[in-house]
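Position in the sequence shown (from 1) plus 97 gives the number in the working numbering. Glycine is no exception: its CB is placed at the ideal position from the N, C-alpha and C atoms.
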Amino acid sequence: MAHNRSNPFFSRILDRRRLNASSSDKVTMHLTLDLAGSGITYRPGDSVAVVPVNSPELVERTLSWLAFSGSEDGDSLRFRLARERDLARCSRALAKAIAPFLSREKKGALLLELIESDDKALKEYLGDYFVWDFLEEHLATPVPFELIIANLFPLLPRFYSIASSQCRNTDRVDLLVALTEYTSNGHRRFGICSHYLCCHAPLESPVALYPHPTRDFLLVGDDTPIIMIGPGTGVAPFRSFMQERECRGVSGKSWLFFGERRKESDYLYRGEWQEWERSLGLKVTTAFSRDQEQKIYVQHRLLEEGAELYRWIEDGAAVYVCGDAQQMDAAVESAFIEIFRREGKMNEESARQKLREMRREKRYLRDVY
98 MAHNRSNPFF
108 SRILDRRRLN
118 ASSSDKVTMH
128 LTLDLAGSGI
138 TYRPGDSVAV
148 VPVNSPELVE
158 RTLSWLAFSG
168 SEDGDSLRFR
178 LARERDLARC
188 SRALAKAIAP
198 FLSREKKGAL
208 LLELIESDDK
218 ALKEYLGDYF
228 VWDFLEEHLA
238 TPVPFELIIA
248 NLFPLLPRFY
258 SIASSQCRNT
268 DRVDLLVALT
278 EYTSNGHRRF
288 GICSHYLCCH
298 APLESPVALY
308 PHPTRDFLLV
318 GDDTPIIMIG
328 PGTGVAPFRS
338 FMQERECRGV
348 SGKSWLFFGE
358 RRKESDYLYR
368 GEWQEWERSL
378 GLKVTTAFSR
388 DQEQKIYVQH
398 RLLEEGAELY
408 RWIEDGAAVY
418 VCGDAQQMDA
428 AVESAFIEIF
438 RREGKMNEES
448 ARQKLREMRR
458 EKRYLRDVY
């Protein structure tokens with residue numbers, strides 16, 4: 098039977114190691130998960146959907162604000178909160194459901210005003226909270242369990258680009274996961290799935306996952322040159338690409354643009370890229386933003402290498418972009434438009450048209466998030 102959201106495969110974490118040096122202020126983990134007996138197959142460019150579990154601390158803090166009739170099974174309640182509900186996001190339905198229970202001495206009056214007057218402002222206000230501290234800061238006493246759980250967002254899977262090729266090992270899959278941590282309202286916050294995979298899921302413990310095939314980010318033919326742009330964890334699929342090309346002994350040229358904060362502490366998979374430089378002729382261009390006074394990102398390196406990049410593209414190269422959708426994606430696109438304008442002696446509209454044509458030909462492919 099195929100594995101999907103309604104029928105995930107329960108894998109095990111076989112290996113988990115931090116790729117950053119201890120001096121780094123980032124935590125990026127390499128994970129290897131077991132696929133033995135699953136029948137799961139994947140291709141370079143595919144993703145894996147991981148079904149996360151809320152941390153025990155998050156579950157207990159949320160439970161402290163829920164009232165029970167006394168007939169509930171405690172283990173069952175914890176299971177539902179841990180595995181079925183998103184405890185890191187507060188819905189407008191939740192805010193409206195607890196309105197009759199709001200404390201006037203806390204922030205209840207402000208919340209009531211937002212509920213009654215401004216849906217957009219309410220959504221922004223709720224975005225600063227996890228469920229437990231939202232309840233803590235707005236309630237005087239616990240509220241019925243079923244009222245709360247009925248108005249929580251479902252706990253959805255998170256998608257991670259696969260960082261390995263099955264030509265290496267059919268029974269394993271590698272992921273590259275950056276731990277998301279931040280502070281809001283004076284409390285330490287974290288990404289539910291990244292914290293689960295990087296911190297509180299024990300090695301060998303079951304992890305629910307299923308494959309998520311792609312149609313628009315597949316590795317091109319063996320002889321086609323590829324230009325890979327992947328700062329941070331966006332480099333994950335390109336490790337898969339290079340493993341696949343190594344297994345197949347291909348002759349196509351490969352060029353990686355990788356960016357991170359610091360070379361000495363954040364150069365993810367550094368030894369592997371260097372080995373492929375020697376064995377496969379991989380060309381690597383890096384951008385380490387904090388190694389000099391002026392910040393340098395991958396889009397700056399693209400512009401510096403514009404003349405050669407343009408020659409590669411004119412020779413039929415395919416461009417792959419993976420990573421941040423908010424800033425990097427647009428910055429890289431702008432860099433290519435400038436390269437086409439400058440190197441191809443085009444006006445801006447012609448440069449944009451060239452990029453559109455590459456997209457139609459599936460020679461400019463994006464996996465951004």
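Residue i and residue j closer than 8 Å at C-beta
{"i": "residue 199", "j": "residue 205", "result": "yes"}
{"i": "residue 416", "j": "residue 461", "result": "yes"}
{"i": "residue 301", "j": "residue 336", "result": "no"}
{"i": "residue 182", "j": "residue 253", "result": "no"}
{"i": "residue 310", "j": "residue 170", "result": "no"}
{"i": "residue 388", "j": "residue 419", "result": "no"}
{"i": "residue 244", "j": "residue 194", "result": "yes"}
{"i": "residue 396", "j": "residue 448", "result": "no"}
{"i": "residue 270", "j": "residue 126", "result": "no"}
{"i": "residue 403", "j": "residue 440", "result": "yes"}
{"i": "residue 145", "j": "residue 308", "result": "yes"}
{"i": "residue 105", "j": "residue 305", "result": "yes"}
{"i": "residue 256", "j": "residue 186", "result": "no"}
{"i": "residue 406", "j": "residue 435", "result": "no"}
{"i": "residue 121", "j": "residue 362", "result": "yes"}
{"i": "residue 338", "j": "residue 316", "result": "yes"}
{"i": "residue 165", "j": "residue 242", "result": "yes"}
{"i": "residue 262", "j": "residue 341", "result": "yes"}
{"i": "residue 130", "j": "residue 108", "result": "yes"}
{"i": "residue 192", "j": "residue 223", "result": "yes"}
{"i": "residue 268", "j": "residue 155", "result": "no"}
{"i": "residue 355", "j": "residue 383", "result": "yes"}
Where the beta strand (DSSP E) containing residue i begins and where it ends
{"i": "residue 128", "result": "125–131"}
{"i": "residue 278", "result": "278–281"}
{"i": "residue 254", "result": "Segment: none, residue 254 is in no beta strand (DSSP E) and carries neither H nor E."}
{"i": "residue 269", "result": "269–275"}
{"i": "residue 317", "result": "Looking at the DSSP string, residue 317 is not in any beta strand (DSSP E), and its letter there is neither H nor E."}
{"i": "residue 385", "result": "380–385"}
{"i": "residue 284", "result": "284–287"}
Terminal residues of the alpha helix (DSSP H) in which residue i lies
{"i": "residue 153", "result": "153–160"}
{"i": "residue 222", "result": "216–223"}
{"i": "residue 345", "result": "333–345"}
{"i": "residue 475", "result": "Given that the chain is displayed from residue 98 to residue 466, the structure contains no residue 475 and the question cannot be resolved."}
{"i": "residue 521", "result": "The structure shown does not extend to residue 521, since the chain is modelled only from 98 through 466, so no value can be given for it."}
{"i": "residue 179", "result": "171–180"}
{"i": "residue 408", "result": "403–411"}
{"i": "residue 242", "result": "242–246"}
{"i": "residue 40", "result": "Shown here, the chain extends from 98 to 466; a query on residue 40 therefore has no answer."}
Local Cβ density within 10 Å of residue i, reported as buried at 16 or more and exposed below that
{"i": "residue 176", "result": "exposed"}
{"i": "residue 423", "result": "exposed"}
{"i": "residue 451", "result": "buried"}
{"i": "residue 98", "result": "exposed"}
{"i": "residue 101", "result": "exposed"}
{"i": "residue 215", "result": "exposed"}
{"i": "residue 334", "result": "buried"}
{"i": "residue 151", "result": "buried"}
{"i": "residue 207", "result": "exposed"}
{"i": "residue 453", "result": "exposed"}
{"i": "residue 117", "result": "buried"}
{"i": "residue 230", "result": "buried"}
{"i": "residue 226", "result": "buried"}
Residues sharing a beta bridge with residue i, DSSP
{"i": "residue 326", "result": "354 and 418"}
{"i": "residue 307", "result": "146"}
{"i": "residue 110", "result": "130"}
{"i": "residue 466", "result": "For residue 466, which the question treats as bridged, DSSP gives no partner whatsoever."}
{"i": "residue 236", "result": "199"}
{"i": "residue 105", "result": "Answer by DSSP bridge pairing: none, since residue 105 is not bridged."}
{"i": "residue 364", "result": "Paired residues: none, contrary to the question."}
{"i": "residue 461", "result": "416"}
{"i": "residue 141", "result": "None, per the DSSP bridge assignment."}
{"i": "residue 99", "result": "According to DSSP, which records beta bridges pairwise, residue 99 is partnered with nothing at all."}
Does the segment 315–324 touch the segment 345–357, meaning 3 or more C-beta pairs lie closer than 8 Å? yes
Is there contact here, the segment 134–143 with the segment 285–295, by at least three beta-carbon pairs under 8 Å? no
Spell out a yes or no on whether the segment 288–298 and the segment 385–400 are touching, meaning 3 or more CB-CB pairs, one atom from each, closer than 8 Å. no
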